[in-house]
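Q: All residue numbers for the sequence shown refer to UniProt numbering, where the first residue is 1 and numbers rise by one.
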Amino acid sequence: MSPRDDVPNLKGLDGEGSVQVHQPEDAKIEGAKVFSVYGKGGIGKSTTSSNLSAAFSMLGKRVLQIGCDPKHDSTFTLTGSLVPTVIDILKEVDFHSEELRPEDFIFDGFNGVKCVEAGGPPAGTGCGGYVVGQTVKLLKQHHLLEDTDVVIFDVLGDVVCGGFAAPLQHADRALIVTANDFDSIYAMNRIIAAVQAKSANYKVRLAGCVANRSRETDEVDRYCETVGFNRIAHMPDLDAIRRSRLKKKTLFEMDDEEDIVQVRKEYIRLAETLWNGTEPLAPAPLPDREIFELLGFD
């Protein structure tokens, strides 16, 4: 037998040559609007996701946020604590999911937002895509998606990981969090390419980007104009946002200081924009050298 006889032919599934976890048809999320939040590590995806979940809840929507990072800190500003992960709870019952109750893995957060932390395997021991798939399977088994209007996946920053790709198989729109600097925009360019590859076989499309922790947006806007992308929100570099994480709270639970009130309004506006529907964008990501040239690097 040839050494390659046991390599599956995945051409046309999730991008030619992909070996990422492929979700079955019956695992699809139906009924709710599903958003996946992406961006490079440390850019503020969890802060953005949690405040966006809170904003949707303030609009009267029934919201479920799923953290997809082994750090399992996506929802702690909503719940006020680090909640147990799905993978850890499954280990406790020797992966007999039928023994679990909803309250074992889903937790109430601010203003009724439901919170789940998928978790992940120990470093180097497994695929994050499997964990995301098991989490969605559990939610469907317990009919927890039937009374949900909005699902937000807060996704880890590794573009090549199955844990990155799996939420794209469920999402309607992908939202990218960036900053007004080269590293963040470079990561956004790679994420755009990854989402575009998935969109060939799944319903997911790009919604736009959020400029986060940025006083200005000129570099982000220049990139977006070049590739055909949209910036749909701007969250300024405010100490109040950092303080909210230290207090384990969303911005909607902070005191009504003027800058906090303004950022809350921006999150509400973003939630309304996403709920009302965004144009399905198809930007053309740039080769690496062209990004360097665009952003002024020699």
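Cβ atoms here follow ideal geometry from the backbone N, Cα and C, with glycine treated the same way.
Where Ser199 and Tyr38 are concerned, what is the direct C-alpha to C-alpha distance, given to the nearest angstrom?
A: So the two alpha carbons sit approximately 15 angstroms from each other.
Q: Among the candidates Leu295, Phe182 and Thr75, whose CA atom is the shortest distance from the CA of Gly109?
A: Thr75
Q: Give the single residue among Asp73, Val177, Ala240 and Ala284 whose Cα lies nearest to the Cα of Glu258.
A: Ala240
Q: Let me confirm a value: Asp69 is counted as buried when at least 16 other C-beta atoms fall within 10 Å, else exposed. Which label applies?
A: Around the CB of Asp69, 16 or more other CB atoms lie within 10 Å, so the residue is classed as buried.
Q: Between Arg264 and the rest of its own chain, which residues show a CB-CB distance below 7 angstroms, the 5 nearest in sequence each way excluded?
A: Leu251 and Phe252
Q: Starting from Arg222, trace the beta strand (DSSP E) in both directions and tell me its first and last residue.
A: Taken as a continuous stretch (DSSP letters only), Arg222 belongs to no beta strand (DSSP E), being part of the alpha helix (DSSP H) at Asp218 to Val227.
Q: Under 8 angstroms, do Val195 and Ile66 count as touching if we go by C-beta distance?
A: Contact: no.
Q: Which residues mark the beginning and the end of the alpha helix (DSSP H) in which Phe105 is found?
A: It spans Pro102 to Phe105 - the alpha helix (DSSP H) in which Phe105 sits, taken as one unbroken run.
Q: Given a cut-off of 8 angstroms, decide if Gln134 and Leu90 are closer than it, judged by their beta-carbon atoms.
A: yes
Q: Run through the DSSP bridge pairs and tell me what Tyr38 is partnered with.
A: Ile176
Q: Using a Cβ-Cβ cutoff of less than 7 angstroms, which residues in the same chain neighbour Gly119 once the five nearest sequence positions on both sides are dropped?
A: Pro70, His72, Thr85, Val86, Ile87, Asp88 and Val131
Q: For Val34 and Lys61, I'd like the C-alpha separation in whole angstroms.
A: 13 angstroms
Q: Can you tell which of Cys224, His143 and Ser184 has its C-alpha closest to the C-alpha of Pro285?
A: Cys224
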